[in-house]
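S.K.: Numbering (UniProt numbering), first residue to last: 1 to 107.
Even glycine gets a Cβ: it sits at the ideal position worked out from N, Cα and C.
After the structure tokens below, expect a handful of questions from me.
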């Protein structure tokens, strides 16, 4: 598996987890960002990755791990539960992206 194909998507995911928290100004905004903004962006990036590069499971696991530094930099230890949540969202996005690819190839 060539890593060069995956690097742009991993970089986008890292930016998702490091730049978006910088926009947080209060608790309400943090909740919206963590429950809507970051998961939606994660889903979109994972779907795009699956359409281009495949490797859904590995990408989902790495996505969960990429959130770990954000816990210590921007949030507190109660945010650890989002690591598996973001991995599952990336897995869902990857499945949707692969399904979309297989549908478009069959037409």
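In whole angstroms, what separates the C-alpha of residue 78 from that of residue 2?
M.R.: For this step, residue 78 is matched to residue 78 along the chain shown. For this step, residue 2 is matched to residue 2 along the chain shown. Cα-Cα distance, rounded: 35 Å.
S.K.: Please report the residue range of the alpha helix (DSSP H) in which residue 54 lies.
M.R.: Mapped onto the chain shown, residue 54 falls at position 54. First-last for residue 54: undefined, no H or E at that position.
S.K.: Taking 7 Å as the cut-off, decide whether the C-beta atoms of residue 96 and residue 47 are in contact.
M.R.: As a first step, residue 96 must be located in the chain shown, where it is residue number 96. As a first step, residue 47 must be located in the chain shown, where it is residue number 47. Yes, the Cβ-Cβ distance between residue 96 and residue 47 is below 7 Å.
S.K.: For residue 17 and residue 91, I'd like the C-alpha separation in whole angstroms.
M.R.: Your numbering for residue 17 matches position 17 in the chain shown. Your numbering for residue 91 matches position 91 in the chain shown. One C-alpha to the other measures close to 17 Å.
S.K.: Please report the Cβ distance between residue 89 and residue 8, rounded to the nearest whole angstrom; I am assuming they are in contact, meaning their Cβ atoms lie under 8 Å.
M.R.: Along the chain shown, read from residue 1 onward, the residue named residue 89 stands at position 89. Along the chain shown, read from residue 1 onward, the residue named residue 8 stands at position 8. 19 Å between Cβ atoms; not a contact.
S.K.: Mind checking residue 66: buried by the 16 CB within 10 Å criterion, or exposed?
M.R.: By 1-based counting over the chain shown, the position of residue 66 is 66. It is buried - the Cβ of residue 66 has at least 16 other Cβ atoms within 10 Å.
S.K.: Given residue 14, which residues of its chain have a CB within under 8 Å of its CB, disregarding the five upstream and five downstream residues?
M.R.: Numbered from its first residue, the chain shown carries residue 14 at position 14. Hits under 8 Å: 66.
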